[in-house]
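The structure under discussion appears below in the form of structure tokens.
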Ligand SMILES: Cc1ncc(C[n+]2csc(CCOP(=O)(O)OP(=O)(O)O)c2C)c(N)n1
Ligand SMILES: Cc1ncc(C[n+]2csc(CCOP(=O)(O)OP(=O)(O)O)c2C)c(N)n1
Ligand SMILES: [Mg+2]
Ligand SMILES: [Mg+2]
């Protein structure tokens, strides 16, 4: 990973973190009504994995966090407008912040039911293969979601048809209040790859370089037509399941322990050590993030709510192939 | 396996084979209207696996063949009445031969949609565990069916809760016209056990002794509260998918090759070699099978069709726990 | 009579029935340690142990299908789905397994299963806010209830748990915090299949379902102020459905409005209209009015959601139209 | 005009549209090598290659959800389910993904997906014989067609394939072998959303769906012999639904019978009744009659199945009742 890429990933991690902190403030202050599953602690893997993508690749992200969108390059004022259910976002108030979409960059959207993304990812893979393209699909999902039947069907279908899909599991130790070891019969979710005869790998999800390397390998493989892979990124959900979660099901000590492994300061330290980052450039990035967010919040505030009657639009497309 | 058990399994294999041959005749002659997926070639594994069961265990069989019922001890005239949609069967004409049911022996029935049995098997396992019983559940399914999402959900649930369920895959090389290697990404379906951290074993499904040993081990494990297992029995579907299948998708040579591995004459030869079976006892078993079937066919013929208006019954139970 | 919330009423029913019958179990995602994402089941694991109350993986097919399997083998499982919308995720298990296993096997088994389905739009979008009762009313073999107040929530849940058939129990999320009097005593039950006349009246029949009932009562009050006597009927149970009570009411009033949070096409109002057209055509002196979601998915933004979800004003307007 | 079967008409539509547009693909269980369990797709793999026509594992969630994904990314997939009943197995993918993905994402994508669903009771029991159209009519975002003859089968399928929205295409298994004239030429299309008046008449409106249409026409013929003039309407497309044609007819006849192979409660007839009660109450001089499955699953034995599935006699009796 070259320095430019390292810095780019770092900047996106930082911007994502600051954006979520701001979103949490806005929600707690009652200034936006949206519903948010924060991804604090998982930005390293999200940003690093997405850094492997070409602009024309497809992305099916999971429900946790803003880093996917930040990493993919969706303007953050749009994310905030979606959160607030305002115009100027990506989905006209229809889907909120859980359905950010961006066709220009292959961001296909989000399934409200967990695991709904797996078959859709396989379907995008079918498209690529039928058209003879060399695009790939990245499909993110949580440890809990790995127990949905759609995982099995879509991974098997992708494997038998050698579809260019990379399945990326974000194993953050929890699914709401359910610890991974009680929901998921296997220690490393990557072990499930054996059931489909595809590569399966577990990496430290808080180490962007390790994630990048593993996902890059899987992406290259897929691009060459060699089929799908499963990459498991071990990480931790540092905040509650949603903003406002009482977290009555896990100990403060456990959470504290994981804060010490927070990927953001860890990567920062590494880049400082490597002299890729300096105290000055770091301060600049912080300032830049804050300025970007301030501006985006302002934009969001200035945007109107959609006209109520637009609720009736977007059910059907009026066009045909005729 | 002692001689008594061997002979018992042999007799049931033989009776099943003869019964299916008779059913095919009845269908081809238009004498019954039922729809039948014949299990010819798979009787060894079905009879041997079911021989491991206690009378109070639960059975969820797959859609292929009569041997499950014969092995479990359901009177064959009832099977024929179900096939013919007559009274005197097990399901009052409601489900035909695809929904043979027998509560007295824990035969829970059949799902019309493939893979519907997996969650039901897990649910029976929950019952056993909640009640603190030491029963087990046997759940049969085909290689094609192993690709349904319900497999994944139910096996994982069974594994995390250590439910006493034995999942038995009948890998017969085909799912209608789809060869296993094109539908299923993995060579040995038992490899999928690794995704749930449970025992997975592949055995020669045409060898009743091997099947018995593997399933017995899994049953014992389950009975002790150690959780589920996956046993894959490699076998072959010697007849078409259904009685009347044009079989335009596979070669005569392939089928011929597998007839040479037909488990019935193979087991017969073995028992003759071992002197467990003699030419005389063999002839007796044949005669007994024919007599039993003749009598059952006669009974079936004598039975009336259900009264049309009984179609309105059996939707809801009128009872309550009141 | 004590006044408790709808959420507390549900919990009371669960506790009483689990105390009464050891074959009643309860499971779902986050129900045990967390106490349910709507906090209905908090404390139950401690009361009944972790075999009878347990958390499961995110596997809705296995949850509902597992409930069928457990019911076939002698338990009375209660499965909590986190959102009623997830019934579709378990479509086969709900419609074909729970609904048809008994019939397909000639009545050999009973299926005393309850699936608890939190319903209703709360600005969480198309897949977390539906009231999908009408889909499942079309499916033979399923009973369906939708209580609108704490007493019915408790009484119907107790009946559902004791019923030997699969029951989809829809609990509206916006009703959880509403309060009402609930009779004391473990014997208090509300039978499935009996509508309640929430308010008597002579000029117009207003059938309202679930969270529409409190709204309908306010509309009736308002119309009373304008000199109109509105009868509010709460079917409570959608399968079995108490057609008689509605028919009798319409024979008296000649006018019918149905308010529901379903999609309009083939919502509950469609069946009510059709069965009135079959049974009471000569009594109907004004057209049917259905107040429902105008056949669009439920949008997330509050301002859009408010446009599609029936509210008091829309119900009032529909009634006014018929009364003028 | 050439006379071909309904099955051939479906195949013609598939071949023509796949020739016309390379983005049309077709997949499902046993469709390629075997040619489909109802033999509709025999030969297509050889014509279009094994990327555009392929066999899949038994994975209905992945098939339908995959269709959504392929449609989002520029293809026009046609997914064959072996039986319409398996729509429930893919409940989430059908209702929440195909039906709502576009809306939930603010119209950012189009979903030109066709799901082919062989429907109808053929003595194969509760899970292989349903006509489940009505379930999905309640779901916003899905178009639904149910052709009753070869010409419509072809023309509607071509329209469905070219439509930029998800369409559930119900092909009735008992119609496959029926013959009819089908206009030649690749331009022959039947628009979605336009009912057909299969026979004109003045005394009674008989709406019939799918395999009920030929039966309804025979009933109309028989009643003509008895001096009654029956108008038979075939909606063909259930979403969008041509209400106007039915309303106009009822304004003329004042009587309505609906014949369908759905379950009665909240079957298509419920919506027709309700919308007439909204729009044409003053013209209705007799009660609604719905000829449908009496809210039980479909039994397997032929003698039982015949008792619950609507037939000519039942349709005739319903009409007679209104005409007397
Ligand atoms: C089919 C389905 N079941 C349940 C839910 C509710 N739900 C939303 S997030 C969540 C936990 C997901 O856990 P995991 O996959 O590990 O992701 P994480 O939240 O840890 O990022 C649950 C149960 C849902 N949205 N869809
Ligand atoms: C959900 C579902 N999909 C498809 C079918 C139709 N179908 C019945 S049997 C069968 C093949 C099953 O293959 P396999 O599981 O290998 O069992 P086998 O027939 O080889 O014994 C298919 C596709 C079905 N009944 N249910
Ligand atoms: Mg997680
Ligand atoms: Mg097979």
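Chains as they are written, first to last, in my numbering: chain A, 238 to 559; chain B, 238 to 559; chain C, 14 to 337; chain D, 14 to 337.
Quick reminder that beta carbons are idealized off the backbone N, C-alpha and C, glycines included.
A quick note: this is a predicted structure, and the numbers were derived from the prediction, not measured.
Exclusion of residue 425 of chain B from the 7 Å shell around ligand 4 follows from its C-beta lying no nearer than that to any non-hydrogen atom of the ligand.
Going down the chain, each residue whose beta-carbon is closer than 7 Å to a heavy atom of ligand 4 shows up: B/379, B/380, B/381, B/407, B/408, B/409, B/410, B/411, B/412, B/417, B/474.
If the five residues before and after residue 34 of chain C are omitted, its C-beta is found closer than 7 Å to the C-beta atoms of 89, all from its own chain and listed in chain order. For residue 132 of chain D, the enclosing beta strand (DSSP E) has its first and last residue at 127-132. DSSP links residue 289 of chain B through a beta bridge to no other residue. The way I'd put it, the stretch 268-279 of chain A doesn't touch the stretch 290-298 of chain A; fewer than three beta-carbon pairs between them come closer than 8 Å. When the alpha-carbon of residue 318 of chain B is set against those of B/347, B/533, B/432, the nearest one is in B/533.
Taken through DSSP and simplified to helix, strand or coil, residue 428 of chain B comes out as helix. With a threshold of 8 Å between beta carbons, residue 415 of chain B makes contact with chain D. DSSP, read as helix, strand or coil, puts residue 364 of chain A in helix.
Under the DSSP assignment, residue 458 of chain A falls in the alpha helix (DSSP H) whose first and last residues are 445-460. Annotated three-state conformation of residue 238 of chain A is coil, per DSSP. Under a criterion of Cβ atoms nearer than 8 Å, the residues of chain B adjacent to residue 419 of chain A are, in order, 397. Less than 8 Å separates the beta-carbon of residue 211 of chain C from that of residue 245 of chain C.
Neighbours of residue 276 of chain D in chain C, taken as residues at a C-beta separation under 9 Å, are given in chain order as 151, 152, 153.
Contacts between residue 313 of chain C and chain A, judged by CB atoms closer than 9 Å, involve 271, 272, 319, 322, 328, 330, 331, 332, 333, 334, 335, 336 in chain order. Taking a C-beta distance under 8 Å as the contact criterion, residue 270 of chain C and residue 230 of chain C do not qualify as a contact pair.
Look at residue 299 of chain A: its beta carbon is less than 7 Å from one of the heavy atoms in ligand 1.
Listed in chain order, the alpha helix (DSSP H) runs fully inside the stretch 279-327 of chain A are 280-287, 304-309, 313-321, counting runs of at least 4 residues. About 12 Å separates the beta carbon of residue 149 of chain C from that of residue 109 of chain C, a gap too long to meet the 8 Å contact definition.
Checking the 7 Å criterion, the Cβ of residue 48 of chain D is out of range of every heavy atom belonging to ligand 2.
Taking a contact as a CB-CB distance under 8 Å, the pair residue 458 of chain A and residue 371 of chain A does not count as one, their CB atoms being some 12 Å apart.
Secondary structure note for residue 387 of chain B: it is in no beta strand (DSSP E), and the uninterrupted alpha helix (DSSP H) holding it is 386-397. Per DSSP, the unbroken alpha helix (DSSP H) holding residue 292 of chain D starts and ends at 281-292.
Here residue 302 of chain C is buried: its Cβ has 16 or more other Cβ atoms, across all protein chains shown, within 10 Å. Considering only C/112, C/308, C/68, the residue with the shortest C-alpha distance to residue 552 of chain B is C/112. The three-state reading of DSSP puts residue 33 of chain D in helix, counting H, G and I together. Secondary structure at residue 224 of chain D: coil, using DSSP grouped into helix, strand and coil. In the DSSP secondary-structure assignment, residue 19 of chain C is not bridged to any residue. Counting along the chain, residue 501 of chain A sits inside the alpha helix (DSSP H) bounded by residues 500-510. Residue nearest to residue 448 of chain B within the set B/283, B/519, B/253, B/325 is B/283 (criterion: CA-CA distance). Taking the Cβ atoms as the reference, residue 312 of chain B lies roughly 28 Å from residue 319 of chain D, outside the contact range of under 8 Å.
In the DSSP assignment, the residues bridged to residue 416 of chain B are B/411.
In the DSSP assignment, residue 194 of chain D forms a beta bridge with D/16.
Counting along the chain, residue 376 of chain B sits inside the beta strand (DSSP E) bounded by residues 374-379.
A straight-line Cα-Cα distance of about 47 Å links residue 400 of chain B and residue 222 of chain D.
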